[in-house]
Amino acid sequence: MDLAHGPRRVDLSAIPRKRLYTGATMPGIGLGTFGSDHVSAGEIARAAGEALDMGYRYLDCAACYGNEPEMGGAIAASMERGIPREELFILSKVWNDMHAPGDVAASCRRTLRDLRLDYLDCYLVHWPFPNYHAPHCGVDARNPESRPYIHEEFMSTWRAMESLVDAGLVRHIGTSNVTIPKLDLILRDARIRPAVNELELHPSFQQGELFQYLIDRGIVPIGYSPIGSPARPQRDRAPEDATDIEMPAIVDIARAHGIHPAALCVKWAAQRGQVPIPLSTKAANLLANLRAVCGDPLSAEEMDAIRGCERNGRLIKGQVFLWEGAGSWLDLWDADGTIPGWHGYAKG
Ligand SMILES: NC(=O)c1ccc[n+]([C@@H]2O[C@H](COP(=O)([O-])OP(=O)(O)OC[C@H]3O[C@@H](n4cnc5c(N)ncnc54)[C@H](OP(=O)(O)O)[C@@H]3O)[C@@H](O)[C@H]2O)c1
Numbered sequence: 518m519d520l521a522h523g524p525r526r527v528d529l530s531a532i533p534r535k536r537l538y539t540g541a542t543m544p545g546i547g548l549g550t551f552g553s554d555h556v557s558a559g560e561i562a563r564a565a566g567e568a569l570d571m572g573y574r575y576l577d578c579a580a581c582y583g584n585e586p587e588m589g590g591a592i593a594a595s596m597e598r599g600i601p602r603e604e605l606f607i608l609s610k611v612w613n614d615m616h617a618p619g620d621v622a623a624s625c626r627r628t629l630r631d632l633r634l635d636y637l638d639c640y641l642v643h644w645p646f647p648n649y650h651a652p653h654c655g656v657d658a659r660n661p662e663s664r665p666y667i668h669e670e671f672m673s674t675w676r677a678m679e680s681l682v683d684a685g686l687v688r689h690i691g692t693s694n695v696t697i698p699k700l701d702l703i704l705r706d707a708r709i710r711p712a713v714n715e716l717e718l719h720p721s722f723q724q725g726e727l728f729q730y731l732i733d734r735g736i737v738p739i740g741y742s743p744i745g746s747p748a749r750p751q752r753d754r755a756p757e758d759a760t761d762i763e764m765p766a767i768v769d770i771a772r773a774h775g776i777h778p779a780a781l782c783v784k785w786a787a788q789r790g791q792v793p794i795p796l797s798t799k800a801a802n803l804l805a806n807l808r809a810v811c812g813d814p815l816s817a818e819e820m821d822a823i824r825g826c827e828r829n830g831r832l833i834k835g836q837v838f839l840w841e842g843a844g845s846w847l848d849l850w851d852a853d854g855t856i857p858g859w860h861g862y863a864k865g
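With positions in the sequence shown counted from 1, the corresponding number in the working numbering is that position plus 517.
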């Protein structure tokens with residue numbers, strides 16, 4: 518796209534918004550900020566600054582992305598340029614090695630310091646396990662400390678998340694990478710319910726059942742890797758993976774709308790009802806994705822054709838979070854409708 522043609526920013530009133538169960542609203546598109554193993558923290562922060570100038574207001578941050586100090590610089594500079602704090606929706610996530618209740622508050626305070634903010638709009642538990650891996654590790658790496666989902670443990674982490682809301686440090690809390698069996702338990706026992714759930718969503722992986730479960734319960738689905746994460750780390754690649762932006766239906770419909778297949782994935786996501794959080798470090802792509810969620814809706818036939826791209830093609834399988842004795846990565850996702858390992862797991 519030629520940035521010289523048309524305005525370089527999108528009017529905020531044209532960008533769709535989603536209502537959270539608290540009555541607050543959030544932008545219907547966010548900027549992903551995971552530079553993976555190849556985009557530097559400085560480059561992500563530069564892109565975030567450009568994105569904010571274009572009209573993005575939701576930044577999808579996380580402690581484990583290793584760039585929150587740089588993101589804090591970008592946020593502070595944008596506020597100095599006149600963007601009010603109230604317009605921003607800043608989300609971050611507690612990493613898996615900080616699930617102990619005392620660590621959750623420490624992690625949140627560290628993120629607030631790095632992002633140079635006094636509150637977060639939303640704070641997520643990044644994964645429902647206290648399992649973490651060394652940076653740049655291979656797909657077969659296993660941490661001997663890793664364990665299955667243990668609901669009592671998760672709820673003690675969640676209680677610490679609830680305390681952050683009580684203390685005014687975060688406005689909403691949410692989950693990520695959870696399944697329906699886990700959410701059934703979390704919703705049963707939470708004092709403060711998750712306002713959002715972040716999950717992998719793109720045309721070849723639509724997670725229809727979980728998506729509808731969230732909508733039915735007033736939990737906003739945030740769709741990560743909305744373009745099919747074409748630059749994801751090597752450890753998250755498998756020969757059978759689909760490439761969303763090369764699927765014939767995606768290519769054809771994108772051409773009909775005069776946009777790149779990547780922008781079409783973003784457009785479809787917003788129209789379907791999730792909040793896409795595409796990453797880009799290129800100004801033209803940032804702007805194309807933002808414009809894609811504004812106007813020129815897809816027809817019912819086009820939405821049907823994209824529904825037909827479903828391949829149950831999970832890309833971020835999470836193998837590195839498996840515990841010793843687990844089966845395949847499907848165990849992380851409760852593939853048979855039950856949570857494996859939890860009841861039989863002996864601590865210590
Ligand atoms: N909660 C979780 O566990 C979790 C897991 C994974 C990801 N996430 C979040 O989701 C975000 C997005 O996912 P992702 O980064 O994996 O992948 P993605 O957004 O699906 O894809 C990003 C890639 O698409 C390219 N791209 C973006 N817009 C484009 C356009 N209009 N035309 C052509 N190419 C375009 C980008 O390249 P250019 O830079 O060249 O434009 C980049 O390589 C992450 O950054 C992170 O915030 C969360």
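Yeah, the Cβ is synthetic: ideal placement off N, Cα and C, and Gly gets one too.
From a predicted model like this one, the values you see are computed outputs, not experimental measurements.
R749 has its Cβ nearer than 8 angstroms to a heavy atom of ligand 1.
In the DSSP assignment, K799 is bridged to no other residue. In terms of Cβ geometry, M678 and V621 form a close pair [threshold 9 angstroms].
Here the segment 707 to 717 makes no contact with the segment 802 to 815; the two share fewer than three CB pairs at distances below 8 angstroms. Taking non-hydrogen atoms of ligand 1 into account, the C-beta of L632 is found less than 8 angstroms away from none of them. Annotation for P524: no beta strand (DSSP E) segment contains it, and DSSP assigns it neither H nor E. Annotated three-state conformation of V611 is strand, per DSSP.
Taking non-hydrogen atoms of ligand 1 into account, the C-beta of I833 is found less than 8 angstroms away from one of them. Taking a cut-off of 8 angstroms on C-beta distances, the segment 584 to 592 does not touch the segment 635 to 644, as fewer than three cross pairs fall below it. A heavy atom of ligand 1 is found nearer than 8 angstroms to the CB of P743. In this structure, D577 places its C-beta atom within 9 angstroms of the C-beta atom of L548. Classified as exposed, L847 has fewer than 16 neighbouring CB atoms from the shown chains inside 10 Å of its CB.
Rounded to the nearest whole angstrom, the C-alpha separation of A565 and G583 is 15 angstroms.
CA-CA distance, G655 to A617, rounds to 26 angstroms.
Burial of G740 is indicated by the presence of at least 16 other C-beta atoms within 10 angstroms of its C-beta.
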